[in-house]
Amino acid sequence: MSDLMDKTIENKFSFLSSVESEVWHSNKDPKAYEWWYFDALSDNGKEALVIVFLDNFIFSPRYNRADIGATSTERYPAVSFTYFENGQPKYRCLNEFSEDQFSAEEGSPGCRIAGNSFTFQKAEYGSGYFISVNLELSGGRKLEAHFEWLSIEAGLRAGDDVTPDHGHRWNMVAPRSDVTGRITVTGRRGGVTNVHHFRGTGYHDHKVDDRWLAKTVHDWHWGRVHYADSTAVFHRYRELGESKPETRLIVVKNGELRERSVEYEEQNYIRDKFGIRYPTRLRLISEDNIRLRVKPIKIIHSSFYFLRFLSEFTLTLRDGTPRRTTGISEFVAPKALKYRWLNWLSDVKTYKSRKSGSE
1406 MSDLMDKTIE NKFSFLSSVE SEVWHSNKDP KAYEWWYFDA LSDNGKEALV IVFLDNFIFS
1466 PRYNRADIGA TSTERYPAVS FTYFENGQPK YRCLNEFSED QFSAEEGSPG CRIAGNSFTF
1526 QKAEYGSGYF ISVNLELSGG RKLEAHFEWL SIEAGLRAGD DVTPDHGHRW NMVAPRSDVT
1586 GRITVTGRRG GVTNVHHFRG TGYHDHKVDD RWLAKTVHDW HWGRVHYADS TAVFHRYREL
1646 GESKPETRLI VVKNGELRER SVEYEEQNYI RDKFGIRYPT RLRLISEDNI RLRVKPIKII
1706 HSSFYFLRFL SEFTLTLRDG TPRRTTGISE FVAPKALKYR WLNWLSDVKT YKSRKSGSE
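Structure below.
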């Protein structure tokens, strides 16, 4: 399948790259969701981590069940943390919290969910994000992690500070960051069992939507990759009832963000163990012959609703030289969120997570 992105972007979808505009929006519909996403790959390519702060956890069985024949106004904040080694999840935890454990300022970036937080700070050696995570793992273990997410390229396109009515807002705040940190795991009795030091290159964005995901999105495919001289991000977003997705290829180089119209092709569809049908080959070609090829090589996180991959990215710029390395891509297919039986099954699978805070 292929499509050419329209020159005129409809108001329901807005794109920007702004630190000042990633503040929390409090006046939202109860089913609205907002999240702050951080991911990074280590310098040696063997480690990866993903951290997400959510003011309303879009995959929560309670969040989705509440919409079925109900008018619940309760919100379900959550923090997700996943650390991979050699493509295998070593630590993965998803902790949900009560509504009163979430707090955020509407005038500055950052939020706190129980003992987890991120803040934006400026220092002599640069500006960026300081992340602290304190989460429960299975078996009575605990995970504590602290990271500095120092911006290399950030705030590259100003935008409207107001969330579009009934629309999707993607703020690619910091497409490239220098990431350093430490992960400490303690056992049931409180003794330290593992310590991991991390250094790599990271990405950070912020998304807001005033609508229930399951009634809005048909599918959503996106990914990001870092090269020595550039960062590339692709984003294909299709809402229910649409025939043409919102498709973008963004290349950041030398502090400049370039967004291009692209022809987008997907090939070789297969299904994963949860039944999600996804492409194993995709290609984006711009009008000025900038090319990005993406090949998922390993599923590193899967569920009934989304897949996360380590993928091989090949970017060819105007110099004609292919750049090839590993990045992270994701495929979201939220249709199943509307099924009562699947919410029940998810609730059974995540009951211990909900009570003890571990996945």
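Numbering-wise, the sequence shown is residues 1406 to 1764 according to this note's numbering.
A virtual CB, placed ideally from N, CA and C, is assigned to each residue, including glycine.
None of the values given here were measured: they were computed from a predicted structure.
Counting C-beta atoms within 10 angstroms of its own C-beta, Asn1694 has fewer than 16 neighbours from the protein chains shown and is therefore classed as exposed.
If you ignore the 5 residues before and after Gly1520, its C-beta comes within less than 7 angstroms of the C-beta of Asn1539, all in its own chain and listed in chain order. Leu1645 is classed as exposed because its beta carbon has fewer than 16 other beta carbons within 10 Å across all chains shown. With 16 or more other CB atoms across the displayed protein chains lying within 10 angstroms of its CB, Tyr1683 is buried. Residues of the same chain with a CB within less than 7 angstroms of the CB of Lys1658, apart from the 5 flanking positions on each side, are Asp1634, Ser1635 in chain order.
Glu1553 sits close to Phe1535, with the two beta carbons spaced by under 8 angstroms. Per DSSP, the continuous beta strand (DSSP E) segment holding Glu1670 begins and ends at 1667-1676.
Apart from sequence neighbours up to five positions away, the residues of its chain that approach Tyr1674 with a beta-carbon distance below 6 angstroms are Arg1682, Pro1684, ordered along the chain. Within its own chain, the residues whose Cβ lies closer than 7 angstroms to the Cβ of Arg1593, once the five positions on either side in sequence are excluded, are Gly1544, Gly1545, Arg1546, listed in chain order. Following the DSSP letters along the chain, one finds Arg1562 in no beta strand (DSSP E), marked with neither H nor E. Residue environment analysis places Ala1528 among the exposed positions, since fewer than 16 neighbouring C-beta atoms fall within 10 angstroms of its C-beta. Within the segment 1588-1656, complete beta strand (DSSP E) segments of at least 3 residues are found at 1597-1614, 1622-1631, 1636-1644, given in chain order. Two segments are said to touch when three or more pairs of C-beta atoms, one from each, lie closer than 8 angstroms; by this definition the segment 1603-1615 does not touch the segment 1708-1716. In this structure, the straight-line span from the alpha carbon of Ala1509 to that of Ala1483 is close to 14 angstroms. Inclusion of Trp1625 and Tyr1642 in the CB contact set at 8 angstroms is warranted, their separation being smaller than that value. Just measuring C-alpha positions, the residue of Glu1558, Phe1525, Ala1563, Tyr1632 sitting nearest Gly1450 is Tyr1632. Between the alpha carbons of Asp1505 and Arg1517 lies a distance of about 11 angstroms.
Look at Ser1423 here: in three-state DSSP terms it is coil, with no helix or strand label. Under DSSP, Asn1461 takes part in no beta bridge, so it has no partner. Glu1671 sits close to Leu1687, with the two beta carbons spaced by under 8 angstroms. For Glu1439, the number of other beta carbons within 10 angstroms of its own is at least 16, and it is reported as buried. Of the residues assessed, Tyr1530 falls on the exposed side of the cut-off, its CB having fewer than 16 other CB atoms within 10 angstroms.
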